[in-house]
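Offset between the first sequence (1-based) and our numbering: plus 41.
Reading through the structure tokens given below for one structure.
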Amino acid sequence: MAFGKGHHLHLIDGSAFIFRAYHALPPLTRKSDGLPIGAVAGFCNMLQRYVEGNNGSDVTHVAVIFDKGSHTFRNDMYDLYKANREAMPEDLRPQMPLTRRATEAFNIACKELEGYEADDIIATLSCQARAAGGQVTIISSDKDLMQLVGGGVEMLDAMKNRRIDRDGVFEKFGVFPDRVVDVQALAGDSVDNVPGAPGIGIKTAALLINEFGSLEELLDRAEEIKQPKRRQTLIENRDQIELSKKLVQLDCDTPLDFGLDDLEVKDPDPEVLLGFLAEMEFRTLTKRISDALHVEAPAIPEPEVQQGDANAPDAPKIDPEKYECVSDLAALDAWIARAYARGWIAVDTETTGLNEMIADLVGVSLCVEAGEACYIPLTHRGGAAQKEGTEDLFSEKADDSLAPGQIPLEAALAALKPMLEDPSILKIGQNMKYDAKILARYGINLAPIDDTMLMSYAMHAGEHTHGMDTLSERYLSHTPIPIKELIGSGKSQITFDRVPIETAVRYAAEDADVTLRLWQLFKPQLHGAKVTRVYETMERPLVPVLAKMEMAGIKVDRQTLSRMSSAFAQKMAGLEAEIHELAGEKFNVGSPAQLGEILFEKMSLEGGKRGKNGKYSTGADVLEDLATEHDLPRRVLDWRQLSKLKSTYTDALQEHINKDTGRVHTSYSIAGANTGRLASTDPNLQNIPVRSEEGRRIREAFVAEEGKVLVSLDYSQIELRILAHVAGIEALKQAFRDGQDIHAMTASEMFNVPMDEMTPDVRRQAKAINFGVIYGISGFGLARNLRIPRAEAQGFIDRYFERFPGIKTYMDDTIAFAKEHDRVETLFGRVIHTPEINAKGPRSGFAKRAAINAPIQGTAADIIRRAMIRMPAAIAGLEGRAVMLLQVHDELLFEVDEGSVDQLIAIAKEVMEGAAAPVVHLDVPLIVDAGQGRSWAEAH
DNA sequence: GAGTTCACG
DNA sequence: GACGTACGTGAACTCA
Numbered sequence: 042m043a044f045g046k047g048h049h050l051h052l053i054d055g056s057a058f059i060f061r062a063y064h065a066l067p068p069l070t071r072k073s074d075g076l077p078i079g080a081v082a083g084f085c086n087m088l089q090r091y092v093e094g095n096n097g098s099d100v101t102h103v104a105v106i107f108d109k110g111s112h113t114f115r116n117d118m119y120d121l122y123k124a125n126r127e128a129m130p131e132d133l134r135p136q137m138p139l140t141r142r143a144t145e146a147f148n149i150a151c152k153e154l155e156g157y158e159a160d161d162i163i164a165t166l167s168c169q170a171r172a173a174g175g176q177v178t179i180i181s182s183d184k185d186l187m188q189l190v191g192g193g194v195e196m197l198d199a200m201k202n203r204r205i206d207r208d209g210v211f212e213k214f215g216v217f218p219d220r221v222v223d224v225q226a227l228a229g230d231s232v233d234n235v236p237g238a239p240g241i242g243i244k245t246a247a248l249l250i251n252e253f254g255s256l257e258e259l260l261d262r263a264e265e266i267k268q269p270k271r272r273q274t275l276i277e278n279r280d281q282i283e284l285s286k287k288l289v290q291l292d293c294d295t296p297l298d299f300g301l302d303d304l305e306v307k308d309p310d311p312e313v314l315l316g317f318l319a320e321m322e323f324r325t326l327t328k329r330i331s332d333a334l335h336v337e338a339p340a341i342p343e344p345e346v347q348q349g350d351a352n353a354p355d356a357p358k359i360d361p362e363k364y365e366c367v368s369d370l371a372a373l374d375a376w377i378a379r380a381y382a383r384g385w386i387a388v389d390t391e392t393t394g395l396n397e398m399i400a401d402l403v404g405v406s407l408c409v410e411a412g413e414a415c416y417i418p419l420t421h422r423g424g425a426a427q428k429e430g431t432e433d434l435f436s437e438k439a440d441d442s443l444a445p446g447q448i449p450l451e452a453a454l455a456a457l458k459p460m461l462e463d464p465s466i467l468k469i470g471q472n473m474k475y476d477a478k479i480l481a482r483y484g485i486n487l488a489p490i491d492d493t494m495l496m497s498y499a500m501h502a503g504e505h506t507h508g509m510d511t512l513s514e515r516y517l518s519h520t521p522i523p524i525k526e527l528i529g530s531g532k533s534q535i536t537f538d539r540v541p542i543e544t545a546v547r548y549a550a551e552d553a554d555v556t557l558r559l560w561q562l563f564k565p566q567l568h569g570a571k572v573t574r575v576y577e578t579m580e581r582p583l584v585p586v587l588a589k590m591e592m593a594g595i596k597v598d599r600q601t602l603s604r605m606s607s608a609f610a611q612k613m614a615g616l617e618a619e620i621h622e623l624a625g626e627k628f629n630v631g632s633p634a635q636l637g638e639i640l641f642e643k644m645s646l647e648g649g650k651r652g653k654n655g656k657y658s659t660g661a662d663v664l665e666d667l668a669t670e671h672d673l674p675r676r677v678l679d680w681r682q683l684s685k686l687k688s689t690y691t692d693a694l695q696e697h698i699n700k701d702t703g704r705v706h707t708s709y710s711i712a713g714a715n716t717g718r719l720a721s722t723d724p725n726l727q728n729i730p731v732r733s734e735e736g737r738r739i740r741e742a743f744v745a746e747e748g749k750v751l752v753s754l755d756y757s758q759i760e761l762r763i764l765a766h767v768a769g770i771e772a773l774k775q776a777f778r779d780g781q782d783i784h785a786m787t788a789s790e791m792f793n794v795p796m797d798e799m800t801p802d803v804r805r806q807a808k809a810i811n812f813g814v815i816y817g818i819s820g821f822g823l824a825r826n827l828r829i830p831r832a833e834a835q836g837f838i839d840r841y842f843e844r845f846p847g848i849k850t851y852m853d854d855t856i857a858f859a860k861e862h863d864r865v866e867t868l869f870g871r872v873i874h875t876p877e878i879n880a881k882g883p884r885s886g887f888a889k890r891a892a893i894n895a896p897i898q899g900t901a902a903d904i905i906r907r908a909m910i911r912m913p914a915a916i917a918g919l920e921g922r923a924v925m926l927l928q929v930h931d932e933l934l935f936e937v938d939e940g941s942v943d944q945l946i947a948i949a950k951e952v953m954e955g956a957a958a959p960v961v962h963l964d965v966p967l968i969v970d971a972g973q974g975r976s977w978a979e980a981h
């Protein structure tokens, strides 16, 4: 029967429950692994008391409603909405998903919607229920919900057990529910950062609304207000008041993918509920509920005293012989069912290659419990003739027919797709961007995910790399089967679809098994390392964003490149002949060793320094010095530039143009750079030439599709701004606020030159010092960069520190922190370990400079990550007319319909400039410059 | 596979 | 007093 008269809906404000539980209880942790669970315990207690209290009540429908995502449509109206809200406590964050699971364990509908607050969902459901003639009780004491009261809707403050009806609302606001938003719009709300009218509180607001009847009436007739100050405030702040009303007005048209009938009250399944409580190790609650349900309480083992080896002591040994080969749909369905029973599953895909844009899916492995994993072969080749051992593993004469014993690809994917896309099933993987991109090409949108590589990166950046083999050896003391044993290496390498299925099962299922074990180890460790927020807000959400960018690719014009290649080849041939002529003999210009011999032995030029392998150094700086005396070094420098441009760019980029898309698809590594920066590979699109005129022309080959333009947005001086903030240099901060030329200003301060008498050379020197500071300046380094004597460079640095003592303090404090903790942190809490900081000898010098640089470079990296993560939602309104393509550390490149360029620039600029908030409030502004054009050369 | 060189921020 | 040095990356090339 459809929801209607006689039905009674309870709507529980989940977030309110959680925060109340969190603050009411001490920071309890789960005994076995230290996972914080205090809030979950309190939450479960509150749910249980709620259920018990319902005995004999008329409730027929119920749901717990949660907030989801920190960015809602209200932030699009007003970016400071809830901006002064404290970040979620580090030990509460990992408990949020557990409160969802708890709700489900109680068999109560659990609802949330990305981009909306719980209040909006509650409002929508209340409206629907009221319209259907039913009754509603909102279990919350949040005054923002009071506007919903009336016409069968009541609120219940569960703590005080007090009902709030129309009269209760009047008591609180001085108006009835239909005018509550008017009062709130005037009074504002400091908690949610709703501005309202300055100087007007709830009392005055109610007075005015009751006098004029409504907010609109009041604003229209504001001139009639007798008190001069009040009148002026209302007239001057009209826009702000109207915005405030929009902010507090709850949305009754939230697009929900469920109806009231889905919220019917159901009895909990004792096994599921007690299973969850036992998993959380809630002993008292488990006993209480099992008594109430008249079933036996499940045993909760007392955790053993921590042993020497904390690496999953009870987990079964990793034994590749025990893995299952899934070869029919019934077996596959059984594994899918196990995922549903668990709520999570480790997933790994096997493919024909490393390039996700080209590689084909060969099989999928799954793991639900340590030691229990399977492999689902899908497109292994070799047909009937294939028998392990009877055939050379790396044989070239392969049989292209499908091997027997495999589920047809389409059928297997159709079976897996609902589970892989199910929001209630967490998919766990190692480097999930790879698997997500592969599966996307088969129409599967992998979500939600957890990624062990990114967990390791969040906890251990700077300590080691984060590949699966490294992690397995380090944290599980297990060396996984090397892929080389299956596919060989070098020229005789075969693709994974040629690997015999039996062999593939052992390898592939083991990967899923190892991944699951790593996840079980890492997940509860995140909070102890205080990086849950880093992982959840700056690592994991980047995966789908980057996957989309990489799949989009950028259009590269082959003709432009190939013409340039030919031109470079010609010029190089000419230069080579001249070089041989000048040298008096033919030699390989590309060989630094041979060039060194020619320059310093045969021509016996000065300044030859031998490196550690006894070879002369012939780097650009050396040749640059020699070029003043001789012609040959200049020719070599020119030749080298052309050689670089040709081999690395104009030749190589053509090879990277995808046959199907006609575009170049890079791959970003999220966990590559220790500081939090991304790295771009295959090809690297973060080092396309721009500094030299010749090189910049390569960017003319990066073009927009017909009817579109490329738009580039880049942060201006972001690292110097961060330095000014973290070191607290008032003069620098003020200069940034005033929009001054920061290098000229530095020069002026240092050399006592008035700004209007600044010479380019003095400014250039100051610029070098500013950059040097970010890099952990040294007299030697600055001297080499500026080509001045070392003593002079040291003099500059001394004067700089004298003028900006805060910088010196920052550097000393940072090094001291690193020495004590073996790590540094960004403003957003990203941890970068500095294991060499206390080393002896020159290594500590490197480590010190890296420690000074990491918080600055890392904070800048965090900010653009945050911008990128918010960008898809921000530009969703453009409906695909703008696509984010590339990131180059402080620049984002978009491809945009000609007609939508201005709109995109406005949106993206705002997102980028506001990306630090609300977690960090920089006291320098972030400024983003925009450019556009047919090619990247024009846009930049 | 190490070392050198050079492209970028 | 001597070490050795700007920070962070990836790719191509030579040469053992």
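By construction, the Cβ of each residue, glycine as well, lies at the ideal position given by its N, Cα and C atoms.
Just so it is clear, the structure is predicted and the values come from calculations on it, not from any experiment.
C-alpha gap between residue i and residue j, whole angstroms
| i | j | result |
| --- | --- | --- |
| A124 | I838 | 39 Å |
| H51 | L189 | 14 Å |
| H981 | Y475 | 30 Å |
| G83 | V210 | 28 Å |
| L823 | K889 | 16 Å |
| T900 | I783 | 20 Å |
| Y816 | F887 | 10 Å |
| L764 | V405 | 47 Å |
| T390 | G717 | 26 Å |
| E735 | V872 | 40 Å |
| L678 | A978 | 24 Å |
| E155 | G110 | 6 Å |
| I897 | H706 | 29 Å |
Selected residue, minimal CA-CA separation from residue i, among the options
| i | options | result |
| --- | --- | --- |
| R581 | M496, E647, T506 and A661 | M496 |
| I856 | A891, A356 and F44 | A891 |
| V597 | I770, K700 and P236 | K700 |
| E543 | D108, Y364 and V584 | Y364 |
| G229 | F107, K287 and R272 | K287 |
| D369 | G75, I448 and Y119 | I448 |
| L467 | Y63, L407, Q225 and N116 | L407 |
Residue environment, residue i, which counts as buried when at least 16 other CB atoms sit within 10 Å
| i | result |
| --- | --- |
| P830 | exposed |
| R991 | Nothing about residue 991 can be reported from this structure: the residues present for the chain run from 42 to 981 only. |
| N629 | exposed |
| I948 | buried |
| F821 | exposed |
| K525 | exposed |
| V924 | buried |
| R804 | buried |
| F299 | exposed |
| L395 | exposed |
| K46 | exposed |
Where the beta strand (DSSP E) containing residue i begins and where it ends
| i | result |
| --- | --- |
| P269 | From DSSP, P269 is part of no beta strand (DSSP E) but of the alpha helix (DSSP H) over P269 to E277. |
| D132 | Note, D132: premise wrong, no beta strand (DSSP E); not H, not E. |
| P418 | E413 to P418 |
Span of the alpha helix (DSSP H), counted from its first residue to its last, around residue i
| i | result |
| --- | --- |
| P459 | L450 to E462 |
Cβ-heavy atom distance, residue i to the ligand ADP, below 7 Å
| i | result |
| --- | --- |
| F609 | Questions concerning the ligand ADP fall outside what the structure shown contains, since it holds no ligand whatsoever. |
Segment contact, 8 Å Cβ cut-off, at least three pairs: the segment 750-757 with the segment 929-942: Under the 8 Å Cβ criterion, the segment 750-757 counts as touching the segment 929-942, having at least three qualifying pairs.
The segment 209-229 / the segment 246-254 touching (three or more Cβ pairs under 8 Å): Contact holds between the segment 209-229 and the segment 246-254, because three or more Cβ pairs, one in each stretch, are under 8 Å apart.
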